[in-house]
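2 protein chains.
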Amino acid sequence: MKQNSRLWLALHTLGHIANEPDRMHTSAEIADHAGTNPVVVRRVLGRLREAGLLVSEKGHAGGWRLASAPKDITLADIYSALDENIVAPPPADYARSCAVESELHKHVTSVLLEAERSLVERLGETTLAQFQEV
Amino acid sequence: MKQNSRLWLALHTLGHIANEPDRMHTSAEIADHAGTNPVVVRRVLGRLREAGLLVSEKGHAGGWRLASAPKDITLADIYSALDENIVAPPPADYARSCAVESELHKHVTSVLLEAERSLVERLGETTLAQFQEV
DNA sequence: AGGTCTGTAACTTTTGATGTTGCGAAACAT
DNA sequence: ATGTTTCGCAACATCAAAAGTTACAGACCT
Ligand code: FES
Ligand code: FES
Numbered sequence: 001m002k003q004n005s006r007l008w009l010a011l012h013t014l015g016h017i018a019n020e021p022d023r024m025h026t027s028a029e030i031a032d033h034a035g036t037n038p039v040v041v042r043r044v045l046g047r048l049r050e051a052g053l054l055v056s057e058k059g060h061a062g063g064w065r066l067a068s069a070p071k072d073i074t075l076a077d078i079y080s081a082l083d084e085n086i087v088a089p090p091p092a093d094y095a096r097s098c099a100v101e102s103e104l105h106k107h108v109t110s111v112l113l114e115a116e117r118s119l120v121e122r123l124g125e126t127t128l129a130q131f132q133e134v
Numbered sequence: 001m002k003q004n005s006r007l008w009l010a011l012h013t014l015g016h017i018a019n020e021p022d023r024m025h026t027s028a029e030i031a032d033h034a035g036t037n038p039v040v041v042r043r044v045l046g047r048l049r050e051a052g053l054l055v056s057e058k059g060h061a062g063g064w065r066l067a068s069a070p071k072d073i074t075l076a077d078i079y080s081a082l083d084e085n086i087v088a089p090p091p092a093d094y095a096r097s098c099a100v101e102s103e104l105h106k107h108v109t110s111v112l113l114e115a116e117r118s119l120v121e122r123l124g125e126t127t128l129a130q131f132q133e134v
């Protein structure tokens, strides 16, 4: 795998699950498929479970399945569940000479946030249903 | 500074330069302003120069200035010059069981690319002129 | 009871970004 | 010419986040 591949892993995995919504998928199976490790898979899918997109069950017939119909899960849901914060990294510990109260500073920040908002909006137009039966 | 702050540094810096387009800005000055190091600044601005957005000059009155009018430089230009590749990380070394030729796989990839394309399109609607005189 | 799973915590490894130092090349001032 | 300023670049050192790993407890089914 690689860095910042959480979104990638989540999308491909949910794509597969959406194509077989009726059975449970184990983290071992998914990990093998994605060329990674079960624990890593659980870490990522765990976030999606917290967001209510997935359900997991323990024990013999355990594993993961979608919490709702593919058509009711958008890519924006997935993106948000991972809180990637991709386009607008936090301000860090910048500038002394350019205060946070600066108009320019606030303006730049708001433009970045707006761009990300628009990205999420775009992702909201695609659902997992579009990954079925392809 | 922090990780993945190239875009952040570029936007804020160009914002400042756009507000004083007529004088040269040195990397030392910019670095001080952004709370980082001159070499780091040159690394980032260097990419923008390669993309034709900035011009740099050596020597006494040297430094950096815009290569064209603020209204002719969009945020998409800046984003692209840094080739961030933010939303769609390269496929890495995934799956043996899920071939690259898989329809599902291609579909997921194309959706990611489309999302990024739409992000860039959105960034293209804002120019540096909007950072002037704020 | 025994076998599968997930859930987590701890730790190590890897990777990319950033920070740092040093020096050469160009431009300019004196 | 000489010295100063500033970029350009290469070669490191440092840092932080992500990913990989190991280990074990808890839940569930047969
Ligand atoms: S650092 Fe000056 S505008 Fe953000
Ligand atoms: S891993 Fe990409 S669709 Fe199977």
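For the record, the sequence lines run as chains A and B. All residue numbers for the first sequence refer to our numbering, where the first residue is 1 and numbers rise by one. All residue numbers for the second sequence refer to our numbering, where the first residue is 1 and numbers rise by one. In this text, a Cβ means the ideal position worked out from N, Cα and C, and glycines have one as well. Predicted, not measured: the structure shown is a model, and the values here were computed from it.
Query                                                                                                                                                                                             : Result
Going along the chain, which residues of the region 22 to 38 of chain A sit with their C-beta nearer than 9 angstroms to a C-beta in chain B?                                                     : 32, 33, 34, 35, 36
Can you tell me which of B:87, B:82, B:103, B:72 puts its alpha carbon nearest to the alpha carbon of residue 82 of chain A?                                                                      : B:87
In angstroms, rounded to a whole number, what distance separates the CA positions of residue 5 of chain B and residue 60 of chain A?                                                              : 46 angstroms
Exposed or buried, which one is residue 52 of chain A when buried takes at least 16 other CB atoms within 10 Å?                                                                                   : exposed
Kindly identify the DSSP beta-bridge partner or partners of residue 63 of chain B.                                                                                                                : B:57
Can you list, in chain order, the residues of its chain with a C-beta nearer than 6 angstroms to that of residue 126 of chain B? Leave out the 5 residues immediately preceding and following it. : 75
For chain B, find out if any of its Cβ atoms is closer than 7 angstroms to the Cβ of residue 119 of chain A; answer yes or no.                                                                    : yes
Could you tell me which of B:99, B:42, B:119, B:21 sits nearest to residue 69 of chain B, measuring between CA atoms?                                                                             : B:21
For residue 127 of chain B, name the three-state secondary structure that DSSP assigns.                                                                                                           : strand
In this structure, how does DSSP classify residue 13 of chain A when only helix, strand and coil are distinguished?                                                                               : helix
Run the CB neighbour count on residue 110 of chain A, radius 10 Å, all protein chains shown included, and call it buried at 16 or more, exposed below.                                            : exposed
Could you tell me which chain A residues have their CB closer than 9 angstroms to the CB of residue 15 of chain B, listed as they occur along the chain?                                          : 104, 105, 107, 108
So, does the region 102 to 119 of chain A touch the region 8 to 19 of chain B, judging by three or more C-beta pairs under 8 angstroms?                                                           : yes
Would residue 55 of chain A and residue 65 of chain A qualify as a contact pair, given that the criterion is a beta-carbon distance under 7 angstroms?                                            : yes
Would you mind reading off the limits of the alpha helix (DSSP H) that contains residue 25 of chain B?                                                                                            : Counting along the chain, residue 25 of chain B falls outside any alpha helix (DSSP H), and DSSP gives it neither H nor E.
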